[in-house]
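Each remark here refers to the structure printed beneath this line.
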Amino acid sequence: MARLNTSRRRIPRGTVRFSGRQLTGALGGLLWRSSAERTVARFEEAFATWLGVRHAVAVGSGKVALAAILEACGAKRGQGVVLAAYNVPEVVGVIRGLGLIPRFVDIDPQTFNLDPAAVEAALTPETGFLLATHLYGNPAPLGALKTLARRHGLVLVEDCAQALGARCGRRRVGAQGSPALFSFGPMKALNTLKGGMLTTGDSGVARRARAVVGRNPAAGRVAVLRTLLSCAAIWVATRPWVFSNGVFPAIRALDGLSPAMVDTLVKMRPAAFDHGVLDIDAMMAPMGPAQAGAGLAVLADLERANERRLSNALRLRDRLRHVPGVSLQQPVADAEPLWTNVVVRVADRLALRRRLLARGVDSTAGYLMDCSRLPNSPGQPEYPHSAELERSNLYLPVGPELGSAEMDRIAAAVEESMASGGDKRDTGAP
Ligand SMILES: Cc1ncc(COP(=O)(O)O)c(C=O)c1O
């Protein structure tokens with residue numbers, strides 16, 4: 134295939150991390166059954182050492198890790214789980230699936246994370262858990278949340294699905310003493326062809342979690358091969374030549390035909406998410422050896438990839454900081470975010486997205502939402518900051534496969550788009 138001139142190259146919103154070593158690791162796990170259990174244990178040990186935590190339990194997904202933590206920490210039906218309203222709908226599906234009650238609180242409009250004052254106001258005698266999501270790689274205010282949890286006898290759970298490698302108070306998130314969950318889905322920094330991990334410093338929690346995830350077998354060969362094929366398809370579709378000459382023109386054509394359809398695609402939200410009360414018994418499963426084999430291969434390269442993503446994100450954020458009409462997520466004082474996503478807030482997201490497309494840059498609004506508006510959450514109060522973030526967010530590409538030249542192109546495209554569009558109205562956010 135002919136090499137593309139950098140300025141003609143179109144930039145995809147993201148891609149899967151998919152390497153030969155990962156493929157070999159996965160195939161090794163699939164083929165050599167005799168060493169299967171050992172592969173999962175090796176991945177758990179390597180991950181626990183890398184993170185700096187005593188116990189790591191490899192499971193079938195981030196959702197499984199969350200359900201296992203809640204069960205292993207003694208969740209009882211009817212107990213409340215306080216969490217940010219701006220969240221992943223499936224997380225709410227796990228909470229409901231266990232017969233627990235999600236208690237939403239609004240996000241802090243600066244950090245996009247839990248606001249400790251709002252958490253305190255939302256506590257009731259039934260509250261048992263506090264779920265702190267480190268959104269887009271930005272650590273939640275763990276110091277204040279730990280104090281609150283201790284004072285009210287709650288279990289603090291960290292959702293690190295988007296924050297693998299971020300730090301807070303010098304320690305990595307997920308290694309702070311609270312049980313934590315990680316997701317290793319295809320688009321995540323550590324792609325194990327679907328999978329997840331729960332971490333804890335408590336051997337009792339680790340033991341009980343292992344017992345509850347062991348209800349079903351790990352994903353079988355066919356399921357792993359299917360995920361592998363879908364990863365391969367995304368990988369091919371986002372190669373520079375294929376994306377620039379095939380996929381990107383198709384995205385633009387679709388945008389011209391039906392902006393509403395593109396908005397639906399951009400939101401990437403399968404309808405099933407909206408109705409989710411997940412079947413926890415059916416979902417529980419440990420991680421299999423093929424996934425662990427892939428995980429070991431990616432873990433070896435994770436620091437390099439994380440550094441590259443962070444350097445991209447910092448370069449882009451630095452340029453965007455001064456663009457009128459664009460606002461950025463902010464860290465709390467003792468946090469070292471990883472910025473797995475650089476999400477800007479603008480008054481007219483679709484207009485910005487269209488202007489970026491005209492300049493060769495794809496973007497997305499992701500799939501998080503103000504979960505208080507899920508169909509099975511009637512009678513909820515308003516969560517204005519969460520609703521506003523759902524309306525105004527746009528994720529810009531910062532993956533480790535990109536470099537500084539692409540970051541400068543994206544920054545220039547945002548600057549030009551905002552200057553050309555009369556779109557400098559404030560989002561209403563600080
Ligand atoms: C913040 C957050 N929590 C939980 C999950 C669920 O992880 P999984 O898809 O591996 O079940 C995700 C998935 O993207 C997530 O982003």
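Those letters in the sequence shown? Residues 134 to 563, per the numbering used here, in order.
Note that the Cβ used here is the ideal one computed from N, Cα and C, for glycine as well.
The structure displayed is predicted, hence computed values, not measured ones.
Item: Given a cut-off of 8 Å, decide if I384 and P319 are closer than it, judged by their beta-carbon atoms.; Value: no
Item: Unbroken beta strand (DSSP E) runs of length 3 or more, entirely within the segment 253-300: which are they?; Value: 260-266, 288-292
Item: Return helix, strand or coil for D495, following the three-state DSSP convention.; Value: coil
Item: How big is the Cα-Cα spacing for V192 and P508?; Value: 29 Å
Item: Just jot down, in chain order, the residues whose CB lies closer than 6 Å to any heavy atom of ligand 1.; Value: S194, G195, K196, V221, E223, V224, T266, D292, A294, Q295, S316, G318, G329
Item: Select from D467, A418, V380 the residue whose C-alpha is nearest the C-alpha of G147.; Value: V380
Item: Would you say G158 lies against chain C (beta-carbon separation less than 8 Å)?; Value: In summary, chain C is missing from the structure at hand, where a single protein chain is found.
Item: Tell whether a beta-carbon distance below 8 Å holds between R448 and S537.; Value: yes
Item: Relative to the C-alpha of Y516, which residue among A254, A205, L358, F237 is closest?; Value: F237
Item: Are A201 and V369 touching if we call contact CB-CB under 8 Å?; Value: no
Item: Counting along the chain, where does the beta strand (DSSP E) carrying V192 start and finish?; Value: 188-192
Item: I need the DSSP call for D451, collapsed to helix, strand or coil.; Value: helix
Item: Of all the options E521, L522, L156, G207, which has the alpha carbon lying nearest to the alpha carbon of L233?; Value: G207
Item: In the DSSP assignment, the beta strand (DSSP E) including V214 goes from what residue to what residue?; Value: 213-217
Item: Check F237 in the structure and name its three-state DSSP category.; Value: strand
Item: Do you know how far the Cα of V252 is from the Cα of F245?; Value: 14 Å
Item: Go through its chain and collect everything with a Cβ distance to L123's Cβ below 7 Å, but skip five positions before and after it.; Value: Missing from the structure shown is residue 123; the chain here goes from 134 to 563 and no further.
Item: Would you decide whether R141 is buried or exposed? Buried here means 16 or more other CB atoms lie within 10 Å of its CB.; Value: exposed
Item: Could you compute how far the alpha carbon of R150 sits from the alpha carbon of A250?; Value: 38 Å
Item: For T609, which three-state DSSP category applies?; Value: Here the chain has residues from 134 to 563 only, and residue 609 is not among them.
Item: Between R452 and A544, which are expected to be in contact by the criterion C-beta below 8 Å, what is the C-beta distance as a whole number of angstroms?; Value: 4 Å
Item: What is the DSSP secondary structure of A339, reduced to helix, strand or coil?; Value: helix
Item: With the cut-off set at 8 Å, would you say L411 and E291 are in Cβ contact?; Value: no
Item: Return yes when the Cβ of T260 is within less than 8 Å of the Cβ of V215, no when it is not.; Value: yes
Item: Which whole runs of the alpha helix (DSSP H) in the segment 481-535 are 4 residues long or more, in chain order?; Value: 482-491, 517-525
Item: Could you name the residues that DSSP lists as bridge partners for S460?; Value: R478
Item: Label H267 either buried or exposed according to how many other C-beta atoms from any shown protein chain fall within 10 Å of its C-beta, with 16 as the threshold for buried.; Value: buried
Item: Rounded to a whole number of angstroms, what is the C-alpha to C-alpha distance between A273 and V465?; Value: 7 Å
Item: Work out the CA separation of M420 and S363 for me, nearest whole Å.; Value: 19 Å
Item: Using a threshold of 8 Å, state whether the C-beta atoms of V357 and A423 are closer than that.; Value: yes
Item: Could you tell me the distance, in whole angstroms, from the CA atom of S553 to the CA atom of T157?; Value: 48 Å
Item: So what does N220 bridge to, in DSSP terms?; Value: M502
Item: Buried or exposed: which applies to V390, given that a residue is buried once 16 or more other Cβ atoms fall within 10 Å of its Cβ?; Value: Checking the displayed sequence, the identity of residue 390 turns out to be Leu instead of Val. Flag for L390 reads exposed.
Item: Consult DSSP for A405 and reduce its assignment to one of helix, strand or coil.; Value: Per-residue confidence for A405 stands at a pLDDT of 48, beneath the threshold of 50, marking its modelled position as unreliable; the derived number appears in the next sentence. Three-state result, A405: helix.
Item: From the DSSP output, in three-state form, read off R210 for me.; Value: coil
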